[in-house]
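Step one of this worksheet: look at the structure below.
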Amino acid sequence: MKKIILPLLLISIPAILSAATGATQLEGSFKVGPSIILITILCLFVLVGIVFRAKDTTDFYAAGRSISRVGSGMAIASNWMSAASFLGMAALMYGAGYHGLAYVVGWTGGYVLLLILMAGQIRRYGKYTAADFIGDRYYSQSLRAIGAIIAILISISYCVGQFGGIGLMFKWVMGVSYGWSVVIGGTVVLAYTLISGMLGVTKNMQIQYVIIIISFIIPLFILTFKFDYFWLLPQIGYGAVVSDVVSGIPLAETRQLVNSFGHAYAMVPAPEYAMPFDPATGQTFYQWIAISFSLMVGTAGLPHVIQRFYVVPRASDARWSVVWGLFFICVLYWSAPAYAAFGKVLSASPEIGRLAKDAIVVYTAQLGNVHPLIVGLLAAGGVSAAFSTVSGLLVAGASAFAHDLYVKTINPDAPPKKQLMFARMGTILMAAIVTAIALAKLALIGQLVAVAFSLAGCTIFPLFLLGIWWSGSNKQGAVAGLIAGGLVSLVALTYFIAGKMGAVLPGHDFISYWLGAWYFGIIGAPLAILVHIIVARMTPETPLEIRKFLIEKVHSQ
Amino acid sequence: MESNPNDYHISFFKPATEMARLNRNIVISLVIIWTVAIFGFQITLKIISKPTPEPAYLAFEQVWDQVSSGNASDKDLQVFAQASLSVLGKNFIDPGHRVALDNGLSWSLHQLAGPDQGASIRQDIAAFEKLKGEIENITDPEYVNARNELASAVSPVLGLSPGDVRTTLVSIELNSSMMDALSPESREAIPAAMSLYLIHPQSILTDGRLFGFPFHYFYTAVFLLVLFVGLCWLYCVRADRRDAILGIDQ
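So the sequence lines, in the order shown, correspond to chains A and B.
Under the working numbering, the letters of the first sequence match residues 5 to 561, in that order.
Under the working numbering, the letters of the second sequence match residues 360 to 609, in that order.
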């Protein structure tokens, strides 16, 4: 099978080159070149999955054992980097400048918390899913079921943003409406997940990482070179672009540089782009802090992220794979602001109009006259980022549905065939729900994904943090903390959805500001922890065997 | 250890094992660095920043009273129109603010041009608007020519030199139906728009430059991420050392 991949790629290259047309318009018609690139990459993923497929469940779970820490780090990075990282972050910075950096800091700083507070301990605890941990640590089947439901809700929330990204990229490639793009893209990603969901996951993730990062960085080298900045390291070179945006670029200094519409590479000063907490962006200091905090605690509470540490052989490997994983993630996060800065200058003319912020990465490359095939590769990279994450999330959600909910709590004697059927049903059901929500286009991709982080920060993070670090944390405390965190989440999301539907609930402005849908974790997480501690102190002690396990297995080995 | 129910208690602040104690010490030191580096810096930024106006705002402030009271000289009107363009050139402005500023710009031009030239310019703008509604692509040569010709005609009236980047905006922002008067709504909205978009929180941390970046931007977008990777690396090194001290074989 390995012999098939290379010839297939070689055959497809001339076809791609000959079909390199149609990518010069920002939107519009069907783009043949980018379509072929996209299909080729997706086929490559499926083929790699078949070649390196897991032979059995043990092989699947132990996939990390045969690869190095660097390889494991790549898998973590690929699992992490979604449409929110690839498309969403640049969009947030393009629209709100320095405020967008709260997402960059939140989505990377959270890994420090995750590593130093949890990674090794989670590995030592030895459970395979977040719901397993919750059910075992809090000695409750009901809490296991609730943990599974929360994991599914988080997966759905996370996937909504991804489907939005897939829809935008399919819209760009195929030239059809956003609604159709979401439906088509959603169907393709569902088929992809059902075909490749259990195939050679770790190896595929490494390849996905390489494709995602190459497709993201190549246009940056071209842009920095073309517009005469320090191109050898675009992640530093774009600093001068930020300063140019702040001070403005006079016509006299453009040296005949133009965007793809012939507009001079010039703009009036726009200090609001880089200045912190600038009122012109409509964002405040509180929101910056709240977003970064919520994303950080959410990172340390996301089931599909935590789950990565169960499948490495040693606690030390779990730790080092985080270091490499974070480094690989940062390569993309150091680069994303560059797209926003170039996008700011290249779309400075009001003639270009309001661009869809979530597609600014692709538009920037187009506006910078990057070759259409490279732009196509960039769009394919965005779809790959979304696909890799959605695939993992749908599998995680489906296993929570089939394994944690159905088998562990409803029908423990279910035969494997029935379990598989439930897993597939769960995948299809989740994809349908996600598609329906994504069609509503509630917010930017990055913001939609941030909802999942706040939800995880309010619910799962306190359970893991206290469950690992405090033997006094008991079932009653966990239930009370979950209710508190859940209530905060419910209030924040109710106000958000009501606002989107045009309804005005009592105290709308107050709640919408302090409990914003993408940063309610700043209130919810500390409150859940506090309630958990208070109730745990007032109720019976944690059973001895669990306390003993914590000391002897989690904090002693 | 004995199976006494009073034993087997552990918490972050009262670590019952040597491993937990060593771990806690590492965690506390790293969390302090992490917290100060992230939140300490942002709080400092917030505290020391001061509202700093762009030159365009200072110019606007000097002429606005005369402009709004109808006593503006030609020079005042030119300064006002140029300040309006400084805001209109920004990517994201509120649609209501855009309407008010377009009104201010178009009205100023009409005032500056006088009755005869004003009527002629109004016709040119109307013709350009019609063409703008008909084209399919903004790279259409006829459209580009019309845009550039209009800009060349009105820029001198507004006091814009040929090298001024605002000359590239003027054709697109002028509106033939807004030239007769500065509406009361626009009069009210313009000062608020000017202060919103032309005054920025700045400080020594935002004015300094490092590797081409504004310093604070470099710190947050680049350095903090390096620090996070560094903190994780440091933790792993210290955790490995801790395991070696405790003789933990994994």
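Backbone N, C-alpha and C fix where the C-beta goes; we use that ideal spot for every residue, glycine too.
Since the structure is predicted, the reported quantities are computational estimates derived from the model, not experimental observations.
Among all the DSSP beta bridges, which residues are the ones paired with residue i?
{"i": "Phe572/B", "result": "Leu569/B"}
{"i": "Ala3/A", "result": "Because chain A spans 5 through 561 in this model, residue 3/A falls outside it and cannot be assessed."}
{"i": "His559/B", "result": "Thr411/B"}
{"i": "Ile253/A", "result": "Met271/A"}
{"i": "Trp518/A", "result": "BP columns for Trp518/A are empty, so no partner."}
{"i": "Trp474/A", "result": "Ser370/B"}
Is residue i near residue j, with beta carbons less than 8 angstroms apart?
{"i": "Tyr578/B", "j": "Phe400/B", "result": "yes"}
{"i": "Phe457/A", "j": "Ala529/A", "result": "no"}
{"i": "Ile216/A", "j": "Phe90/A", "result": "yes"}
{"i": "Met271/A", "j": "Val245/A", "result": "no"}
{"i": "Pro273/A", "j": "Glu413/B", "result": "yes"}
{"i": "Glu530/B", "j": "Leu509/B", "result": "The amino acid occupying residue 530/B in the given sequence is Ser; Glu does not appear at that position. Closer than 8 angstroms, so yes."}
{"i": "Arg601/B", "j": "Leu381/B", "result": "yes"}
{"i": "Leu447/B", "j": "Arg457/B", "result": "yes"}
{"i": "Met279/A", "j": "His469/B", "result": "no"}
{"i": "Ala379/B", "j": "His559/A", "result": "yes"}
{"i": "Lys552/A", "j": "Tyr367/B", "result": "yes"}
{"i": "Met553/B", "j": "Phe451/B", "result": "no"}
{"i": "Val337/A", "j": "Leu569/B", "result": "Position check: residue 337/A holds Tyr in this sequence, whereas Val was assumed. Their beta carbons are not under 8 angstroms apart, which means Tyr337/A does not touch Leu569/B by this criterion."}
{"i": "Met178/A", "j": "Met78/A", "result": "no"}
{"i": "Ala459/B", "j": "Ser545/B", "result": "yes"}
{"i": "Ile154/A", "j": "Thr546/A", "result": "no"}
{"i": "Ser475/A", "j": "Leu409/A", "result": "no"}
{"i": "Tyr98/A", "j": "Ile550/A", "result": "no"}
{"i": "Met300/A", "j": "Gly489/A", "result": "no"}
{"i": "Trp176/A", "j": "Ala369/A", "result": "no"}
{"i": "Val426/B", "j": "Asp433/B", "result": "no"}
{"i": "Ser408/B", "j": "Thr565/B", "result": "yes"}
{"i": "Thr413/A", "j": "Arg148/A", "result": "yes"}
{"i": "Val349/A", "j": "Ile253/A", "result": "yes"}
Below 8 angstroms on the Cβ atoms is my contact criterion, and I expect residue i with residue j to pass it. Report the Cβ-Cβ distance as a whole number of Å.
{"i": "Ser353/A", "j": "Thr527/B", "result": "7 angstroms"}
{"i": "Phe372/B", "j": "Gly243/A", "result": "42 angstroms between Cβ atoms; not a contact."}
{"i": "Ala360/A", "j": "Leu172/A", "result": "6 angstroms"}
{"i": "Ala402/A", "j": "Gln166/A", "result": "15 angstroms between Cβ atoms; not a contact."}
{"i": "Ile156/A", "j": "Ala427/A", "result": "About 12 angstroms separates the two Cβ atoms, so there is no contact after all."}
{"i": "Ala340/A", "j": "Ala100/A", "result": "That belief does not hold up - the Cβ atoms of Ala340/A and Ala100/A are roughly 14 angstroms apart, past 8 angstroms."}
{"i": "Ile80/A", "j": "Val326/A", "result": "7 angstroms"}
{"i": "Gly104/A", "j": "Ala344/A", "result": "7 angstroms"}
So which residues on chain B does residue i lean against when the C-beta distance must stay under 8 angstroms?
{"i": "Gly471/A", "result": "The premise fails here: Gly471/A is roughly 12 angstroms from chain B at the closest Cβ pair, so nothing lies under 8 angstroms."}
{"i": "Ser353/A", "result": "Thr527, Leu528, Ile531"}
{"i": "Ala256/A", "result": "Gly522"}
{"i": "Phe289/A", "result": "Gln401, Lys405"}
{"i": "Met542/A", "result": "Neighbours of Met542/A on chain B: none; closest Cβ ~17 angstroms, over 8 angstroms."}
{"i": "Leu330/A", "result": "Phe587, Val588, Cys591"}
{"i": "Thr112/A", "result": "Leu583, Leu584, Phe587"}
Since residue i meets chain A, which of its residues come closer than 7 angstroms, beta carbon to beta carbon?
{"i": "Thr376/B", "result": "Ile555, His559, Ser560"}
{"i": "Ala580/B", "result": "Leu105, Val108, Pro341"}
{"i": "Arg525/B", "result": "Val272"}
{"i": "Asp461/B", "result": "Neighbours of Asp461/B on chain A: none; closest Cβ ~10 angstroms, over 7 angstroms."}
{"i": "Phe451/B", "result": "Gly99"}
{"i": "Ala379/B", "result": "His559"}
{"i": "Asp499/B", "result": "Those do not exist, as Asp499/B stays about 11 angstroms from chain A at its closest Cβ, beyond 7 angstroms."}
{"i": "His456/B", "result": "Ordered by position in chain A, no residue passes the 7 angstroms Cβ test against His456/B, which lies about 10 angstroms from the chain."}
Just the chain B side, please: which residues come within less than 7 angstroms of residue i by C-beta, in chain order?
{"i": "Lys552/A", "result": "Tyr367"}
{"i": "Pro283/A", "result": "Leu555"}
{"i": "Val326/A", "result": "Cys591"}
Residues of chain B with CB under 9 angstroms from residue i, in chain order?
{"i": "Ser247/A", "result": "Arg568, Gly571, Phe572, Pro573, Tyr576"}
{"i": "Tyr182/A", "result": "By Cβ distance, chain B contributes nothing, its closest Cβ being about 21 angstroms from Tyr182/A, past 9 angstroms."}
{"i": "Arg323/A", "result": "Cys591, Tyr594, Cys595, Ala598, Asp599"}
Check the Cβ of residue i against every Cβ in chain A and list those closer than 9 angstroms, keeping chain order.
{"i": "Phe398/B", "result": "Ile293, Ser296, Phe297"}
{"i": "Thr403/B", "result": "None at all; the shortest Cβ gap to chain A is about 10 angstroms."}
{"i": "Gly448/B", "result": "Gly252, Met271, Val272, Pro273, Ala274, Ala352, Ser353, Pro354"}
{"i": "Pro515/B", "result": "Under the 9 angstroms cutoff, chain A gives no residues; its nearest Cβ is about 16 angstroms from Pro515/B."}
{"i": "Phe439/B", "result": "Neighbours of Phe439/B on chain A: none; closest Cβ ~16 angstroms, over 9 angstroms."}
If the cut is a Cβ gap below 8 angstroms, which residues of chain A does residue i touch?
{"i": "Pro550/B", "result": "Chain A residues near Pro550/B: none, gap ~14 angstroms exceeds 8 angstroms."}
Compute the minimum distance between the beta carbon of residue i and the heavy atoms of the ligand SAM, and state whether it is under 7 angstroms.
{"i": "Phe405/A", "result": "The ligand SAM is not part of the structure shown, which contains no ligands of any sort."}
- prompt: Residue ranges of each alpha helix (DSSP H) run of no fewer than 4 residues wholly in the stretch 76-148 of chain A, ordered along the chain?
  reply: With a minimum length of 4 residues, the unbroken runs of alpha helix (DSSP H) contained wholly in the stretch 76-148 of chain A fall at 93-100, 105-118, 124-129, 134-141.
message: Quick check for students: name the residue ranges of the beta strand (DSSP E) that lie wholly in the stretch 354-390 of chain A, counting only runs of 3 or more.
response: Whole beta strand (DSSP E) segments, 3+ residues: zero.
query: Residue ranges of each alpha helix (DSSP H) run of no fewer than 4 residues wholly in the stretch 405-456 of chain B, ordered along the chain?
result: For the stretch 405-456 of chain B, the continuous alpha helix (DSSP H) assignments of 4+ residues that do not extend past its boundaries occur at 414-428, 433-447, in sequence order.
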